[in-house]
Every structure is written in structure tokens, then in C-alpha cells.
Amino acid sequence: MLHVYEFEIFEEAGLFVALPYDFDGGTQGATFANACEMAAEWLQVECEYRAIHDEPFPKQTFGNQPKNGGKVVIVAVNADKDTVRKVNASRAAEMLGVTKGRVSQMVKANQLEAFRDGGTVWVTLDSIEARLAEKPKAGRPAKAQATA
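For the sequence shown, position 10 matches number 9 in numbering that gives the first Met the number 0, and the numbering has no gaps at all.
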């Protein structure tokens with residue numbers, strides 16, 4: 000699904016800040032062009048997040064005036080559940096070196112991000128990559144020692 004929103008891009012403290020008019024949040028870049036690219040990436044992630052969590056999208060407004068002395072740019076992205084980088088639970092288990100049941104536990108514990116689309120449970124590759132980067136140790140955590 001195509002999502003089109005306006006952002007204001009303005010310079011502040013040596014960076015170019017990109018703020019959407021219709022969402023909370025924003026991003027920044029080292030140059031105006033970089034801030035435009037970051038705005039598109041930010042909007043992609045925000046729209047995919049809302050799609051997989053069945054959250055509503057804000058109504059688009061157009062013809063906004065700059066609030067911070069910057070320039071108004073239009074950013075458009077194609078984003079929905081189909082554009083999310085994802086794998087099924089079995090593949091996630093293989094990538095993490097755990098069982099499919101452990102993947103389910105990790106999803107319930109918010110250690111992995113997953114969503115259902117049709118009859119399939121999908122795990123986001125971003126959450127798998129983040130988990131792998133943490134390099135958690137195998138086994139159970141050590142019990143805390145009682146202090147006297």
C-alpha cells in the first residue's frame with residue numbers, strides 16, 4: 000500500500016531534522032538529501048509497524064506550512080505486511096539455533112517481534128538480527144546469590 004505524507008526538513012545544530020506533520024517522532028540526517036532518505040526509511044518502518052500491529056494510520060494532511068523555517072517535502076513509501084522482512088517460525092528457530100517452541104516463548108516474552116498474516120506466524124528479521132547481535136548465553140541465567 001502506498002503511504003504519502005509531508006515532512007518538514009530544517010537545519011538544527013549542524014544536522015537536518017525531518018519531522019512528519021501527521022505522526023509523532025521523526026529522524027535526522029547529516030545533509031538535506033540524507034534527511035530525505037532517513038525520512039523515507041523512518042516512514043517505511045513506522046508504516047510496517049502499524050500494519051503488523053493492526054494500528055490505524057493517521058489521516059494525511061497536505062499543504063502544510065513550515066513550523067521551523069524549513070522546507071516541506073512529500074515522502075511516499077510502499078509499506079504493509081508484505082514489505083516487512085520476515086521469516087516463518089521454523090526458519091527463525093533455525094537462524095537462532097533454538098526450537099520452534101522456544102521461538103514461541105521468545106515472542107511471548109517480547110524478545111522477538113512476530114505477527115500473524117493469514118494462517119502463518121511471521122517473525123521479523125530485524126528482531127532476529129537484534130537478538131543475534133545481543134549474543135545471549137546458552138542455558139538458564141545464574142541465580143542471584145543471597146547476601147547476609
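We put the beta carbon where it would ideally sit given N, CA and C, even for glycine.
No experiment lies behind these values; they were computed from the predicted model shown.
CB of residue i within 9 angstroms of CB of residue j, strictly
{"i": "residue 4", "j": "residue 51", "result": "no"}
{"i": "residue 19", "j": "residue 6", "result": "yes"}
{"i": "residue 86", "j": "residue 121", "result": "yes"}
{"i": "residue 84", "j": "residue 123", "result": "yes"}
Residue i, DSSP secondary structure in three states
{"i": "residue 44", "result": "helix"}
{"i": "residue 131", "result": "helix"}
{"i": "residue 17", "result": "strand"}
{"i": "residue 1", "result": "strand"}
{"i": "residue 11", "result": "strand"}
{"i": "residue 104", "result": "helix"}
{"i": "residue 29", "result": "coil"}
{"i": "residue 49", "result": "helix"}
{"i": "residue 80", "result": "helix"}
{"i": "residue 99", "result": "helix"}
{"i": "residue 116", "result": "strand"}
Extent of the continuous alpha helix (DSSP H) to which residue i belongs
{"i": "residue 92", "result": "88 to 95"}
Nearest candidate by alpha-carbon position, reference residue i, set the options
{"i": "residue 182", "options": "48, 49, 24", "result": "Nothing can be reported for residue 182: it is not among the residues displayed for the chain, which extend from 0 to 147."}
{"i": "residue 129", "options": "44, 114, 110, 75", "result": "110"}
{"i": "residue 60", "options": "2, 133, 119", "result": "2"}
{"i": "residue 119", "options": "103, 125, 14", "result": "103"}
{"i": "residue 67", "options": "79, 92, 15, 28", "result": "15"}
{"i": "residue 132", "options": "98, 94, 106", "result": "94"}
{"i": "residue 127", "options": "65, 101, 29", "result": "101"}
{"i": "residue 22", "options": "42, 11, 115, 84", "result": "42"}
{"i": "residue 96", "options": "108, 46, 134", "result": "134"}
{"i": "residue 31", "options": "11, 46, 45", "result": "11"}
{"i": "residue 65", "options": "17, 54, 48", "result": "17"}
{"i": "residue 78", "options": "106, 62, 124, 40", "result": "40"}
{"i": "residue 80", "options": "13, 33, 92, 117", "result": "117"}
{"i": "residue 49", "options": "13, 108, 82", "result": "82"}
Per-residue burial, residue i [other beta carbons within 10 Å of its own, 16 or more giving buried]
{"i": "residue 89", "result": "exposed"}
{"i": "residue 112", "result": "buried"}
{"i": "residue 0", "result": "exposed"}
{"i": "residue 98", "result": "exposed"}
Endpoints, beta strand (DSSP E) assigned at residue i
{"i": "residue 77", "result": "70 to 77"}
Any C-beta of chain D under 9 angstroms from that of residue i
{"i": "residue 72", "result": "The structure shown contains no chain D; it holds only a single protein chain."}
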